[in-house]
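If you read the sequence shown in this note's numbering, its first letter stands for residue 28, the second for the next number, and so on.
Cβ atoms here follow ideal geometry from the backbone N, Cα and C, with glycine treated the same way.
Keep in mind it's a predicted model, so treat the numbers as computed, not measured.
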Amino acid sequence: MSRALRGYRCSRCGATWAPDARRWRCDCGGGFVLDDEGGGDAPAPVSLGAGSTPEVPVVAAGRRLRAKLEFLAPTLSFKDRGAEVLVGLAVAVGAERLVADSSGNAGTAIAAHAAHADLPAEVFVAASTSAPKLAQTEAHGAAVVRIDGTREDVAAAAVERVRQGDAFYASHVHNPWFWEGVSTMIDELDPLPDTLLLPLGNGTLVLGALAGLRRRGAVGRCRIVAVQASACAPIAAAFAAGADDVAPVVGHATAAEGIAIAAPPRGANVLAAVRATGGRVVTVDEPAIVAAGDELAAQGLYVEPTAAACVAGAHALTDDDGEVVVPLCGAGLKSA
Ligand SMILES: *Cc1c(COP(=O)(O)O)cnc(C)c1O
Ligand SMILES: [Zn+2]
Numbered sequence: 028m029s030r031a032l033r034g035y036r037c038s039r040c041g042a043t044w045a046p047d048a049r050r051w052r053c054d055c056g057g058g059f060v061l062d063d064e065g066g067g068d069a070p071a072p073v074s075l076g077a078g079s080t081p082e083v084p085v086v087a088a089g090r091r092l093r094a095k096l097e098f099l100a101p102t103l104s105f106k107d108r109g110a111e112v113l114v115g116l117a118v119a120v121g122a123e124r125l126v127a128d129s130s131g132n133a134g135t136a137i138a139a140h141a142a143h144a145d146l147p148a149e150v151f152v153a154a155s156t157s158a159p160k161l162a163q164t165e166a167h168g169a170a171v172v173r174i175d176g177t178r179e180d181v182a183a184a185a186v187e188r189v190r191q192g193d194a195f196y197a198s199h200v201h202n203p204w205f206w207e208g209v210s211t212m213i214d215e216l217d218p219l220p221d222t223l224l225l226p227l228g229n230g231t232l233v234l235g236a237l238a239g240l241r242r243r244g245a246v247g248r249c250r251i252v253a254v255q256a257s258a259c260a261p262i263a264a265a266f267a268a269g270a271d272d273v274a275p276v277v278g279h280a281t282a283a284e285g286i287a288i289a290a291p292p293r294g295a296n297v298l299a300a301v302r303a304t305g306g307r308v309v310t311v312d313e314p315a316i317v318a319a320g321d322e323l324a325a326q327g328l329y330v331e332p333t334a335a336a337c338v339a340g341a342h343a344l345t346d347d348d349g350e351v352v353v354p355l356c357g358a359g360l361k362s363a
């Protein structure tokens, strides 16, 4: 007999909730984390084979890094790790349709895994999203809803759709089961490096990495250096100011569309995660993003600008950062 699913705990008021098909945040408006004390099982993933990605050495900013090829995933981004668990949760709670909002890759990953589970999906995106990501999402049978507006407008439209209807909100930003899926990347690191150089938009990779480090008892041994595009860097600003919460910024255009998040809903959780590891948040400008993409391509690795942005963060590393793993999170053809 299977046990109950592990539940949620509100990161604001501490209330606990059992996962169900409709609830995506606490009645107080606070965001969920997984409840570590209540027991219960993880949902069985709906797997298309994500994970077990290879590592190759690369050189960036004159420094040797261990690059983990996270773009070698079913839909060509690391988001598949989270999507397989989140869609597994949707199946476990009896959801009949999914709604997601995304800057592109999360929606694609949800669409693919929903298709595999035979669940209909609606994916809300900004009209400006890279055409290949939209083509990929539509190919999986998802209804793509293009919103003329900011990433925040896209999220608001998805939330309104969830509020009105009967859909499960398959949100990579709000649902901690997504991060739990992402955390498997940390299990695969052998040896664990001194530093993880991670891209940072909404922070699902940062939060997933923290969950994985916790599981390995390694939070004090491996720091997270998170990278934002200087054109849209609200979490870097909050980190530099020593703040506990993130104030929204007016984001400017960046080639790194996957991390262009001006008002990250889980910003406070992300700041706490980076600080828990003794890490920091750094920024990279547009020329550095282009240069890092060129440098990787010259070594045989073709990635999207959002993935290159993370590698560009190598400029901010010091000798103290020791051995570094950097995930290459999205394939280059996604932004062609
Ligand atoms: C989603 C994404 C990111 C950033 O992840 P967040 O969870 O928003 O911090 C980085 N790189 C790629 C390629 C992505 O798709
Ligand atoms: Zn609450």
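Secondary structure at Asp145, three-state DSSP: helix, strand or coil?
-> coil
Assuming Thr135 and Thr164 are in contact, meaning their beta carbons sit under 8 angstroms apart, how far apart are those beta carbons, in whole angstroms?
5 angstroms
Next on the checklist: I'd like to confirm something about Ser104: is its beta-carbon nearer than 7 angstroms to some heavy atom of ligand 1, or not?
Outcome noted: yes
Beta-carbon proximity of Ile316 to Ala343, cut-off 8 angstroms: no
| task | Mind listing, in chain order, the continuous beta strand (DSSP E) runs of no fewer than 3 residues lying wholly within the segment 83-171? | result | 90-95, 125-129, 148-153
Neighbour-count burial assignment, His279, 16 or more Cβ in a 10 Å radius:
exposed
query = Should Cys249 be labelled buried (16 or more other beta-carbon atoms within 10 Å of its own) or exposed?
reply = buried
Three-way DSSP call (helix, strand, coil) for Ile174 in this model:
strand
Item to complete: Report back the beta-carbon spacing between Arg33 and Gly57 to the nearest angstrom; my notes put them in contact at under 8 angstroms.
Response: No, Arg33 and Gly57 are not in contact; Cβ-Cβ is about 18 angstroms, not under 8 angstroms.
Can you tell me which of Asn202, Glu149, Ala166, Leu225 puts its alpha carbon nearest to the alpha carbon of Ala194? Glu149
- Once you ignore the five residues that flank Arg242 on each side, which residues in its own chain have a CB closer than 8 angstroms to its CB? Ser210, Ile213, Asp214
Is any heavy atom of ligand 2 found at a distance shorter than 7 angstroms from the C-beta of Cys337?
no
Margin query: Strictly by DSSP, which residues pair up with Ile316?
Written below: Looking at the DSSP assignment, Ile316 forms no beta bridge with any residue, so it has no partner.
Query raised in the report: Looking at the structure shown, is Arg2 part of a helix, part of a strand, or coil, going by DSSP?
Result: Summary: the structure shown does not reach residue 2, with the chain confined to residues 28 through 363, and so no result is reported for it.
- prompt: Alpha carbon to alpha carbon, what distance is there between Ala87 and Ala341?
  reply: 6 angstroms
Exercise for review: May I have a chain-ordered list of the alpha helix (DSSP H) segments no shorter than 4 residues that lie completely inside the segment 261-290?
Suggested key: 261-268
Val338: first and last residue of the uninterrupted alpha helix (DSSP H) it sits in
332-339
Met28: buried (16+ other C-beta within 10 angstroms of its C-beta) or exposed? Low local confidence applies: a pLDDT of 41 at Met28 is under 50, so the model's placement there is unreliable, with the coordinate-based value given in what follows. Result: exposed.
Query raised in the report: Val353 by DSSP, collapsed to three states: which one?
Result: strand
- Query: Three-state secondary structure (DSSP) at Val181?
  - Reply: helix
Just to check, is the beta-carbon of Gly57 closer than 7 angstroms to a non-hydrogen atom of ligand 2?
yes
(Q) Within a Cβ cutoff of 6 angstroms, which residues of the same chain sit near Lys106, ignoring the five residues on either side of it in sequence? (A) Asn132, Ala133, Ala136
Subject >> Buried versus exposed, by CB contacts within 10 Å (16 or more), Pro314 >> reply: exposed
Query - Residue range of the alpha helix (DSSP H) that includes Arg36 - result: Segment 35-37 is the beta strand (DSSP E) holding Arg36; no alpha helix (DSSP H) there.
With respect to 7 angstroms, is the separation between the Cβ of Ala42 and the closest non-hydrogen atom of ligand 2 below this value? yes
At the level of alpha carbons, what is the spacing between Ser257 and Glu179? 19 angstroms
*Are the segment 317-330 and the segment 58-77 touching by the rule of at least three beta carbon pairs closer than 8 angstroms?*
no
Leu237 by DSSP, collapsed to three states: which one? helix
Which class does Ala256 belong to by DSSP, given the choice of helix, strand or coil? strand
### Exposure label - Cys55; buried when at least 16 CB within 10 Å
exposed
Would you mind reading off the limits of the beta strand (DSSP E) that contains Arg307? 307-311
Quick one: what's got a C-beta closer than 6 angstroms to Leu92's C-beta in the same chain, skipping five residues either side?
Val85, Val351, Val353
Are the segment 214-230 and the segment 284-297 in contact at 8 angstroms, needing three or more beta carbon pairs? yes
Review point. Among Gly115, Leu234, Thr156, which one has its Cα closest to the Cα of Pro46?
Key: Gly115
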